[in-house]
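Structure first, commentary second.
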Amino acid sequence: MPTMGGNPRRNMEIRRYPVLVYALVPLAALVLQAWLPRALRGYAWFDLPLVVTVYFALGRRSPIQGTLMGAAMGLFEDALTQHAIGINGIAKTIVGFLAASVGIRIDVENHTIRLALNFLLSLLSSAIYVFVYRMLLGLNLKWSWIVEIIKAVDNSLIAMVVFPFLDRLQIRE
Amino acid sequence: MESFFIRYRNLLVLLAILLAQIVGLAVQVRHTDSGRNTLDPQDGPGVRLIRMWANDAVSPPERLFHSSRLGTVWLWQNYIDLRHTEQQNQDLQKTIDRLRLEQAALLEDAKQGQRLQALVGFQQKYIYQTVAAQAIGSSGSDQSRLFYIDKGADYKLERDMAVITPDGIVGKVREVFPHSAQVLEINDQTSGAGVILATTRIRGTLRGNAIGQPQIVGILADQRIQPGEVVLTAGGDMIFPRGLPVGVVEKVVRDPDRDAFIDVIVKPAAHLDRLDEVLVITSTDARFSPQQQQDLATSEALKGSEAAAILEKKKASEIMAERLPGLTDPNAPAPVPAQPGQPQPTPVTPPAPKLLPAVHPDRFSPGIAPQPPTDKPDQDQSAPDKPTSEAPKKPAQKTAPRTPTHPQRNP
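These protein sequences, in sequence, are chains Z and S.
Residue numbers for the first sequence follow our numbering, so the first one is 23 and each next one is one higher.
Residue numbers for the second sequence follow our numbering, so the first one is 44 and each next one is one higher.
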């Protein structure tokens with residue numbers, strides 16, 4: 023795995039984006055996540071807010087920013103469902119934090135690493151969701167891991183398309 | 044101390060945010076008397092406010108996307124793709140006429156049912172008023188089968204109103220916002236609808252499973268339930284009126300948690316994954332709505348015209364029968380009306396015209412048919428009131444022998 027020696031935080035580039043990108047891209051992800059399943063006849067086995075959270079957390083390399091973005095995206099997603107607000111929030115908060123923490127230590131320019139990270143973080147997000155729903159809240163939830171694996175694969179494929187597009191929006195010095 | 048906060052600020056922020064969310068979750072969950080945890084069915088003011096903000100942020104772009112898609116589809120369907128439209132129109136008109144006749148026939152049953160229900164003190168609720176709404180967005184989660192419609196409190200929608208399509212039930216209104224509303228579909232895990240199997244009359248509760256299939260749960264294993272059986276709403280949940288189509292039984296599987304129980308997977312009648320327009324039942328009543336009454340009146344009128352058409356056809360056939368040769372004698376005297384005190388005259392059978400014998404006689408050949416089943420020569424005269432036009436026909440229909448029993452009458 024390509025890692026940076028010495029002080030990685032100092033050596034690695036921190037990406038910067040116009041303010042509008044920070045506002046509009048997450049909003050677009052949330053809107054598309056809510057609208058696309060209707061256009062795709064109920065197919066909702068993907069998680070655009072998660073992909074965007076992972077992207078910005080990896081690019082910014084700031085655990086606090088990753089945590090805040092993950093929390094905001096997760097809470098927003100919860101608010102659109104009938105479930106308790108905070109389940110997705112906790113899952114994506116942890117995902118954002120971990121993605122930013124990993125982004126400090128490894129080279130995330132590599133597409134393969136990005137895809138692998140997306141896949142693993144998607145599964146982690148699902149696992150945290152189940153844990154919070156079943157263990158923390160003690161609620162009944164039927165679960166299919168096959169669906170979650172398919173969702174993780176879909177997220178990786180979406181990241182393969184979205185990440186290069188978002189890379190073009192960053193401010194080049 | 045300061046260096047501790049600086050050094051671990053990332054972790055501290057993470058823990059603080061997680062803690063805040065856990066506390067928020069704890070507020071939203073209730074512990075029931077049965078020892079189980081459930082989500083509060085009605086959101087608190089704070090939670091509702093967050094949901095409203097999220098909806099306000101997402102709804103306008105969704106409406107824009109939805110309107111653009113509808114506009115494109117409308118242009119295509121109304122100005123470009125018009126092949127076979129005329130034929131489809133005619134077919135649909137025929138279907139409407141047929142359904143109106145069927146409705147008129149069922150109307151009598153419905154009226155009788157209402158009278159009987161009034162007698163036993165039970166009131167059947169009918170769909171009295173509906174509001175048509177467009178589905179504009181979804182929750183975006185496969186764990187949450189709900190969608191948003193473009194009508195809300197501005198159209199007097201309320202929680203727990205039933206949402207249907209002409210094909211079958213869809214779900215119920217869960218939350219109402221000023222200009223939109225959340226609809227919880229019947230295939231969500233947290234939904235619930237009282238249903239009944241049409242043939243076996245087994246009742247159960249319908250809810251979704253992990254992959255979004257509606258299933259009837261809590262049914263004891265029963266061999267009578269077969270795939271293809273129709274599922275209807277039972278009407279006991281105070282949300283869906285009784286008798287609405289839900290779907291058909293797709294398969295029966297064993298309940299993974301309880302051995303003696305089964306889960307009946309249902310194929311929904313409504314296309315839950317392709318919903319564009321739905322109807323929200325805003326009121327039910329024990330009487331028909333003005334629109335329904337108008338439809339029924341149209342059906343009744345149509346039924347009357349249909350009956351008139353049948354009568355006209357019958358008259359025409361009688362006229363045709365009178366004009367057929369050999370069936371009536373145009374020179375025969377008109378029947379004299381019976382005078383009181385005088386004996387009834389014996390009716391005279393008109394003489395049959397002489398026809399050439401058939402080469403290959405069958406039961407329709409003249410001269411063969413008038414053969415009574417028994418050897419009673421006066422049988423035909425025992426029914427003097429019958430019209431003369433039917434006289435030669437009736438014995439032919441009744442006694443037409445496949446093999447001749449009286450060889451002396453064969454040509």
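We put the CB at the ideal spot given by N, CA and C, even for glycine.
Quantities reported herein were computed from a predicted structural model and do not represent experimental measurements.
In terms of CA proximity to residue 95 (chain Z), Z:56 leads the group Z:56, Z:66, Z:160, Z:159. Taking 8 Å as the threshold, the shortest C-beta distance from residue 144 (chain Z) to chain S does not fall below it. Taking each of S:188, S:64, S:194, S:289 in turn and checking the Cα distance to residue 64 (chain Z), the smallest one comes out for S:188. Pairing residue 170 (chain S) with residue 327 (chain S) gives a Cβ-Cβ distance under 8 Å. Counted as a single uninterrupted DSSP element, the beta strand (DSSP E) harbouring residue 263 (chain S) occupies residues 257-263. Put simply, of Z:183, Z:86, Z:139, Z:128 the residue whose alpha carbon is nearest the alpha carbon of residue 49 (chain S) is Z:86. Here residue 39 (chain Z) really is in contact with residue 191 (chain Z); their C-beta atoms are around 6 Å apart, less than 8 Å.
Counting only the Cα atoms, residue 136 (chain S) lies some 33 Å from residue 293 (chain S).
By the rule that beta-carbons nearer than 8 Å mark a contact, residue 76 (chain S) does not touch chain Z.
Unbroken alpha helix (DSSP H) stretches of 4 residues or longer found wholly inside the stretch 44-121 of chain Z: 70-82, 85-102, given in chain order. Under the 8 Å criterion on CB atoms, residue 118 (chain S) is classed as non-interfacial with respect to chain Z. DSSP lists S:80 as the bridge partner or partners of residue 74 (chain S).
Under the three-state reduction of DSSP output, residue 189 (chain Z) falls in the helix class. By the neighbour-count criterion, in which 16 or more other beta carbons inside 10 Å mark a residue as buried, residue 227 (chain S) falls on the buried side.
For the set S:321, S:115, S:155, the Cα lying nearest the Cα of residue 191 (chain S) is the one of S:321. For residue 288 (chain S), the beta-bridge partners assigned by DSSP are S:275. It is roughly 14 Å from the alpha-carbon of residue 93 (chain Z) to the alpha-carbon of residue 70 (chain Z). With a cutoff of 8 Å on beta-carbon distance, residue 83 (chain S) and residue 94 (chain S) are scored as not near each other. When DSSP states are grouped into helix, strand and coil, residue 138 (chain S) belongs to the helix group. Looking at Z:137, Z:83, Z:107, Z:48, the one whose alpha-carbon comes closest to that of residue 175 (chain Z) is Z:137.
Burial is judged here by how many other beta carbons sit within 10 angstroms of a residue's own beta carbon; residue 230 (chain S) has at least 16 and is buried. Under the 10 Å beta carbon count, residue 107 (chain S) is surrounded by fewer than 16 other beta carbons and is classified as exposed. In the DSSP assignment, residue 304 (chain S) falls outside any alpha helix (DSSP H) and lies within the beta strand (DSSP E) extending over 304-311. The bridge partners DSSP lists for residue 192 (chain S) are S:178, S:224.
Nearest CB-CB separation between residue 90 (chain S) and chain Z: below the 8 Å threshold. The stretch 108-119 of chain S makes no contact with the stretch 301-309 of chain S; the number of CB pairs closer than 8 Å stays below 3. Take the alpha-carbon of residue 159 (chain S) and the one of residue 333 (chain S): they are about 22 Å apart. Chain order gives the chain S residues near residue 169 (chain Z) as 185, 253, 254, where near means a beta carbon separation below 9 Å. Contacts with chain S at 8 Å (Cβ-Cβ) do not include residue 43 (chain Z). Residue 257 (chain S) places its beta carbon less than 8 Å from that of residue 311 (chain S).
Residues of the stretch 92-106 of chain Z with a Cβ closer than 8 Å to any Cβ of chain S, in chain order: 93, 97, 98, 99, 101, 102, 103, 104, 105, 106. Following the DSSP letters along the chain, one finds residue 246 (chain S) inside the beta strand (DSSP E) bounded by residues 246-251.
Here the stretch 264-279 of chain S makes contact with the stretch 233-251 of chain S; the two share three or more CB pairs at distances below 8 Å.
In this structure residue 57 (chain S) touches residue 115 (chain Z) by the C-beta definition: roughly 7 Å separates them, less than 8 Å. A straight line joining the alpha-carbon of residue 120 (chain S) with that of residue 181 (chain S) spans about 25 Å. Residues of chain Z with a Cβ closer than 8 Å to the Cβ of residue 71 (chain S) are, in chain order, 106, 107, 108.
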